[in-house]
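Colleague: Numbering (the working numbering), first residue to last: 4 to 295.
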Ligand code: NAP
């Protein structure tokens with residue numbers, strides 16, 4: 004393997020200790036404890052474990068967290084009323100609705116109900132719009148974490164070519180926006196299933212961010228030697244040798260990509276830990292703004 008590993012766990016741990024210091028300072032100076040409300044509707048096992056991880060991270064950073072669990076058959080009006088209550092609750096600085104919502108809920112309507120100043124996921128149209136025009140806002144957590152991971156490689160992206168594979172609203176599109184900002188100054192190509200030859204673009208890329216949700220979307224023969232690879236994908240592939248009967252893998256074929264790239268994120272241990280870290284970051288920032 005030629006590539007160095009971009010250690011998301013290490014960067015996340017460093018940032019979380021800075022966040023914990025910020026939390027302690029805000030408590031001491033302003034008497035304010037940052038508070039995050041996490042709403043979970045239904046009992047999707049993956050969502051349950053994501054919510055547990057977010058609460059643990061909040062506790063470790065010294066933040067207050069409140070879990071609101073609602074049955075899958077909750078009327079949408081009750082969920083919206085809960086969000087309205089949290090919007091007005093001074094102990095809560097961030098509101099997160101764990102997605103996906105069970106069938107029958109209008110996710111867009113639910114996200115729209117979150118007050119933009121408490122939208123620490125950065126998903127409301129107000130925050131997305133502000134990100135697009137470069138105004139101060141809460142940046143979406145996974146894309147923001149991806150930018151931080153590229154920064155630690157030491158690569159100056161100004162004038163470089165970045166290829167993003169995937170155009171979802173929560174990963175691909177915002178990553179493309181953030182990398183093309185003047186402060187980063189990369190030239191960005193956004194690929195999707197309508198792209199005729201993804202490899203023709205990735206082979207000229209200095210950085211490839213792959214967020215397709217499919218194993219082996221990116222392979223070593225699609226890379227320029229020395230490229231940086233950020234693998235966002237989290238896929239379960241059957242593996243009888245594992246106790247759970249599956250293993251996790253990303254969207255990049257790790258072995259072949261690591262042989263050509265200069266740096267690559269592992270799955271797990273790359274992008275994942277940064278997503279929760281940036282959520283804590285946004286919650287602390289929201290509490291700071293509220294305490295002003
Ligand atoms: P998504 O909504 O399913 O979007 C996938 C995107 O990839 C789509 O735009 C799709 O194109 C494109 N795509 C799929 N296969 C492709 C291919 N072979 N070539 C080119 N483009 C292709 O997924 P998402 O929500 O962005 O998530 C992507 C992956 O990241 C998933 O594995 C997810 O679990 C993971 N993820 C991880 C984190 C984390 O914190 N680690 C956070 C969020 C997501 P079309 O638009 O043309 O269909």
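Glycine included, every Cβ here is placed at the ideal spot set by N, Cα and C.
Since we're looking at a predicted model, the values are computed, not measured.
List the endpoints of the continuous alpha helix (DSSP H) containing residue 9.
Modeller: Here residue 9 refers to the residue found at position 6 of the chain shown. Residue 9 -> no alpha helix (DSSP H), and no H or E assigned at all.
Colleague: Between residue 96 and residue 289, which are expected to be in contact by the criterion C-beta below 8 Å, what is the C-beta distance as a whole number of angstroms?
Modeller: Mapped onto the chain shown, residue 96 falls at position 93. Mapped onto the chain shown, residue 289 falls at position 286. Indeed, because the Cβ distance is near 4 Å, the residues count as touching under 8 Å.
Colleague: Just reading off the beta strand (DSSP E) that residue 241 is part of, what are its end residues?
Modeller: Counting from 1 along the chain shown, the entry for residue 241 is found at position 238. Where residue 241 is concerned, the enclosing beta strand (DSSP E) stretches over 238 to 241.
Colleague: Kindly identify the DSSP beta-bridge partner or partners of residue 70.
Modeller: Along the chain shown, read from residue 1 onward, the residue named residue 70 stands at position 67. 41, per the DSSP bridge assignment.
Colleague: Should residue 207 go down as buried or exposed, given a rule of 16 or more other Cβ atoms within 10 Å for buried?
Modeller: Start at 1 with the first residue of the chain shown, and residue 207 comes out as number 204. By the 10 Å Cβ count, residue 207 comes out exposed.
Colleague: Please give me, in chain order, every unbroken run of the beta strand (DSSP E) with length at least 3 that falls completely inside the region 158 to 211.
Modeller: 164 to 168, 190 to 194
Colleague: Can you tell me which of the three DSSP states residue 234 falls into?
Modeller: In the chain shown, the residue the question calls residue 234 occupies position 231. Here residue 234 sits in strand by DSSP.
Colleague: Quick one: residues in its chain with C-beta nearer than 8 Å to the C-beta of residue 217, no 5 flanking neighbours on either side, listed in chain order?
Modeller: On the chain shown, residue 217 is found 214 positions in, with the first residue counted as 1. 236, 238, 254, listed in sequence order.
Colleague: Could you check if residue 224 belongs to the surroundings of the ligand NAP, using beta carbon to heavy atom distance under 7 Å?
Modeller: In the chain shown, the residue the question calls residue 224 occupies position 221. Outside the cutoff, so no.
Colleague: Can you check which of these residues, 147, 114, 205, is closest to residue 163 by C-alpha distance?
Modeller: In the chain shown, residue 163 corresponds to position 160, counting from 1. It is 205.
Colleague: Within the same chain, show all residues whose beta-carbon is closer than 7 Å to that of residue 104, passing over the 5 residues directly before and after it, in chain order.
Modeller: The sequence position of residue 104 within the chain shown is 101, counting from 1. Around residue 104: 44, 110, 113.
Colleague: Return the Cβ separation of residue 174 and residue 146 in integer angstroms, given the expectation that the two are a contact with Cβ distance under 8 Å.
Modeller: In the chain shown, counting from the first residue as 1, residue 174 sits at position 171. In the chain shown, counting from the first residue as 1, residue 146 sits at position 143. Contact flag correct, Cβ pair sits at about 6 Å.
Colleague: From 250, 186, 256, 248, pick the residue whose C-alpha is nearest to that of residue 214; which is it?
Modeller: Here residue 214 refers to the residue found at position 211 when the chain shown is read from its first residue. Ranking 250, 186, 256, 248 by Cα distance to residue 214 puts 256 first.
Colleague: Output the distance between the C-alpha atoms of residue 53 and residue 9, rounded to the nearest integer angstrom.
Modeller: Translated into the one-based positions of the chain shown, residue 53 becomes position 50. Translated into the one-based positions of the chain shown, residue 9 becomes position 6. Between residue 53 and residue 9, the C-alpha separation is close to 22 Å.
Colleague: Tell me the residue span of the alpha helix (DSSP H) that contains residue 1.
Modeller: No information on residue 1 is available, as it lies outside the stretch 4 to 295 that the chain covers here.
Colleague: Tell me whether residue 195, by its Cβ, gets closer than 7 Å to a heavy atom of the ligand NAP.
Modeller: Taking the chain shown and counting its residues from 1, the one referred to as residue 195 is at position 192. Correct: residue 195 has its Cβ closer than 7 Å to the ligand NAP.
Colleague: How about the region 70 to 81 and the region 130 to 144: do they share at least three Cβ pairs that are nearer than 8 Å?
Modeller: no
Colleague: Taking just the CA atoms, how far does residue 270 sit from residue 251?
Modeller: The sequence position of residue 251 within the chain shown is 248, counting from 1. The sequence position of residue 270 within the chain shown is 267, counting from 1. Near 7 Å, if we compare the C-alpha coordinates of residue 270 and residue 251.
Colleague: Please report the residue range of the beta strand (DSSP E) in which residue 226 lies.
Modeller: Start at 1 with the first residue of the chain shown, and residue 226 comes out as number 223. Taken as a continuous stretch (DSSP letters only), residue 226 belongs to no beta strand (DSSP E), as it is neither H nor E.
Colleague: Taking only the alpha-carbon atoms, compute the straight-line gap between residue 22 and residue 48 and give it to the nearest angstrom.
Modeller: As a position in the chain shown, residue 22 is number 19, starting the count at 1. As a position in the chain shown, residue 48 is number 45, starting the count at 1. Answer to the nearest angstrom: the Cα atoms are 28 Å apart.
Colleague: CB-CB under 7 Å to residue 143, same chain, minus the five flanking residues each way: which ones, in chain order?
Modeller: Taking the first residue of the chain shown as position 1, residue 143 is located at position 140. Cβ within range, chain order: 124, 125, 126, 173, 177.
Colleague: For residue 267, name the three-state secondary structure that DSSP assigns.
Modeller: Indexing the chain shown from 1 puts residue 267 at position 264. Three-state DSSP puts residue 267 in a strand.
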